[in-house]
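Structure first, then comments.
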Amino acid sequence: MNSHHSPVGPGYGILQPPAPPRRVPLSRRPGPRRLGVLLAVLALLALPARALERVKLATLAPTGSSFHKSLLNLREAWRKASNGNVDLVIYADGKLGGETDTVGLMGVNSIQAAMLTGVGLSEIEPGVAGLQTLPMGFRDLAEVDYVGAKLQPKLEARLEAKGFVVLFWSDAGWVRFFSKKPIQRPDDLKKLKLFSWSGSADQLEIYRSAGFQPVSLETADILPGFQTGLIEAAPLPPVFALASQVDTRAPYMLELNWAPLVGACVIRKAAWDKLPANAREEMRKAALQTGREIKENGRKESDDAVKAMQKRGLTVTPVTPGIEAEWRTAAEAAYPKIRGRIVPADIFDEALQLIREYRAQRASGAAGR
119 MNSHHSPVGP GYGILQPPAP PRRVPLSRRP GPRRLGVLLA VLALLALPAR
169 ALERVKLATL APTGSSFHKS LLNLREAWRK ASNGNVDLVI YADGKLGGET
219 DTVGLMGVNS IQAAMLTGVG LSEIEPGVAG LQTLPMGFRD LAEVDYVGAK
269 LQPKLEARLE AKGFVVLFWS DAGWVRFFSK KPIQRPDDLK KLKLFSWSGS
319 ADQLEIYRSA GFQPVSLETA DILPGFQTGL IEAAPLPPVF ALASQVDTRA
369 PYMLELNWAP LVGACVIRKA AWDKLPANAR EEMRKAALQT GREIKENGRK
419 ESDDAVKAMQ KRGLTVTPVT PGIEAEWRTA AEAAYPKIRG RIVPADIFDE
469 ALQLIREYRA QRASGAAGR
């Protein structure tokens, strides 16, 4: 018997004679009133329930990472807040492509949301690059927080004008250089083929003009790139390096705070406006809590990731104040090209002004104690 057919035989219902109709006694047939009630109940049952709103969200975050787990918790929070009417479907691991691809998919509504780094967000609103693409601009994460708090409302307004609502901002600590050979100074890095995010011709040109050898790749191609020798160094957050096992091919890390990895979770405004109005406030609160959780975990796990990689052979190269000054000089030499090309001039200027403002406040506070 073919397992694909009904267990009672492939011709059942065609070869078997129909059963004779069962007569209903007159005493049990519904009267006009009972029939009216029955029809009313059936009519209510036939009313359409609120349609399930499915929100598809893409991210580069690895499956099983704390970032991914936080998004799964957000999915559950949204389900509860909407009484089961919103389903947040999460595509992790860059399954739908790199960030350029992800932004494109949102543009045609194939997906409705994404958790992106500043690189992907900049494809929607270039001003977001002011939070991330200031190499050696920030000395510590307190400065990152201060500048973010001041600039984010303006950036949120610009993103909304382009059809996107920011659900939360977050970061994952510092980007560090991982390499196949030990590096210490900028001139050491210039000898190596350096990973650069795909999609930014300006960034490639700036790297080249500074004497580096950038190679444009998607993040999914970083480990294969190291394996084949296509690249020899990459600026990465340690959490990503650990999860993708980059350190097994690039066993050296320079302990330099090159730039913060800042990002946000955004949703198409059209999709957000379709979600239950009475649930949106709770859903936004849940999203903000998710952002805080990702930031707290991301910063802690950045340090934990370095320790874990050291246990399996990663060599961490410390940076002296003198060498750090060399990197800062090299980075600042590129600022005139970054300003206006990668980061809009107004945001670039405001970010640097806010950094100076924060340092002055901290200095005066320290002096007053």
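Last residue of the sequence shown? That's 487 in my numbering, and every number before it is there in order.
All residues carry an ideal CB built from backbone N, CA and C; glycine is no exception.
In this text, all values refer to a predicted model and were calculated from it rather than measured experimentally.
Give me the Cβ distance between R294 and L223, rounded to the nearest whole Å; I'm assuming they're in contact under 8 Å.
With 8 Å as the limit, R294 and L223 do not qualify as a contact, their Cβ atoms being about 30 Å apart.
Classify S327 as buried or exposed, calling it buried when 16 or more other Cβ atoms lie within 10 Å of its own Cβ.
exposed
Look up Q345 in the DSSP assignment and say whether it is helix, strand or coil.
helix
Quick check for students: name the residue ranges of the beta strand (DSSP E) that lie wholly in the region 291 to 375, counting only runs of 3 or more.
311 to 315, 331 to 335 and 351 to 354
I'd like to confirm the pairing. Which residues does DSSP put opposite F282 in its beta bridges?
R386
What is the C-beta distance between T251 and A210, in whole angstroms, given that I count them as a contact (C-beta under 8 Å)?
No, T251 and A210 are not in contact; Cβ-Cβ is about 25 Å, not under 8 Å.
Express the C-alpha separation of A448 and G329 in angstroms, rounding to a whole number.
10 Å
Report, in whole angstroms, the separation of the C-beta atoms of E490 and K280, which I expect to be a contact under 8 Å.
Any answer about residue 490 is impossible in this case: the structure gives the chain only from 119 up to 487.
In terms of residues, what are the limits of the beta strand (DSSP E) holding E171?
E171 to T177
Out of E399, I456, I460 and Y476, point me to the one whose CA is closest to A199's CA.
E399
With 16 other CB atoms within 10 Å as the buried threshold, where does E419 fall?
buried
I412 (DSSP reduced to helix, strand or coil):
helix
Buried or exposed: V73, going by 16 or more other Cβ atoms within 10 Å of its Cβ?
The structure shown does not extend to residue 73, since the chain is modelled only from 119 to 487, so the question has no answer here.
According to DSSP, is A451 helix, strand or coil?
coil
CA-CA distance, V384 and R457?
25 Å
List the whole-angstrom C-beta distance separating S314 from Y325, where the pair is believed to meet the contact cut-off of C-beta under 8 Å.
6 Å
Starting from the N-terminal side, write out each stretch of the alpha helix (DSSP H) that is 4 residues or longer and does not extend beyond the region 194 to 266.
217 to 225 and 236 to 242
Determine the direct distance from the alpha carbon of G291 to that of D421, and round the result to whole angstroms.
9 Å
Give the single residue among G182, P180, D205 and K187 whose Cα lies nearest to the Cα of M401.
D205
If you reduce the DSSP assignment to three classes, tell me which class G112 lands in.
Within the shown structure, residues of the chain are numbered from 119 to 487, placing residue 112 beyond reach of any answer.
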